[in-house]
Amino acid sequence: MAIFVVVKKCFIVDRFFALYNKCQLKMVSTRYLLLVLLVSLTIRCRALKCYSGQKFIRGQKIDETTECSSRFDFCYYFTAEATLINKIKRAGCSTVRCQLARNTCRETTISNIPVKLCCCDTDLCNKG
Numbered sequence: 045m046a047i048f049v050v051v052k053k054c055f056i057v058d059r060f061f062a063l064y065n066k067c068q069l070k071m072v073s074t075r076y077l078l079l080v081l082l083v084s085l086t087i088r089c090r091a092l093k094c095y096s097g098q099k100f101i102r103g104q105k106i107d108e109t110t111e112c113s114s115r116f117d118f119c120y121y122f123t124a125e126a127t128l129i130n131k132i133k134r135a136g137c138s139t140v141r142c143q144l145a146r147n148t149c150r151e152t153t154i155s156n157i158p159v160k161l162c163c164c165d166t167d168l169c170n171k172g
């Protein structure tokens, strides 16, 4: 009978430490998960800054900046080579324009006018 009690106590002690170790592991995992979550929220909550405005004369630069209002926004830069003198440039924040061109540039021709749209997701990345 005494051996059975000792074995049972050892089993209970072993189960306690196994459970304790599992709880500690869960606490550590939870702490790391919370840390990762806080860091990711801090990164995505900061507003994206983009160059913003439009120009119509070749050689003019867009130098105004703005903070995007949506966390899903991208900075975009649009150009159209209209004539020898006119090069239409437009820049700003957009979610819709950049659905297909995320962090890339897309080029096409519309009515014999070369058009280019570039989208990016880092601060002031849309300087053209």
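Residue numbers in the sequence shown follow our numbering, run continuously in steps of one, and reach 172 at the last position.
Backbone N, C-alpha and C define an ideal beta-carbon position, used for all residues, glycine too.
Integer Cβ distance of residue i from residue j, believed to fall under 8 angstroms
i: ARG146; j: PHE116; result: Not a contact, Cβ separation roughly 11 angstroms.
Rounded separation between residue i and residue j - CA only
i: ILE157; j: ARG90; result: 37 angstroms
i: LYS105; j: LEU168; result: 14 angstroms
i: ILE129; j: LYS99; result: 12 angstroms
i: GLY136; j: GLY97; result: 6 angstroms
i: ARG150; j: LEU92; result: 21 angstroms
Cβ-based burial, residue i [other Cβ within 10 Å; buried from 16]
i: ILE101; result: exposed
i: LEU144; result: exposed
i: THR166; result: exposed
i: SER155; result: exposed
Residue from the options whose Cα sits closest to the Cα of residue i
i: LYS171; options: GLU111, PHE122 and LYS131; result: PHE122
i: CYS173; options: GLY103, ALA126, THR152 and CYS112; result: Missing from the structure shown is residue 173; the chain here goes from 45 to 172 and no further.
i: GLU108; options: CYS94, TYR120 and SER114; result: CYS94
i: TYR120; options: ALA126, ARG134 and SER114; result: ARG134
Residue ranges of each alpha helix (DSSP H) within the stretch 99 to 160, 4 or longer: Listed in chain order, there is nothing to give.
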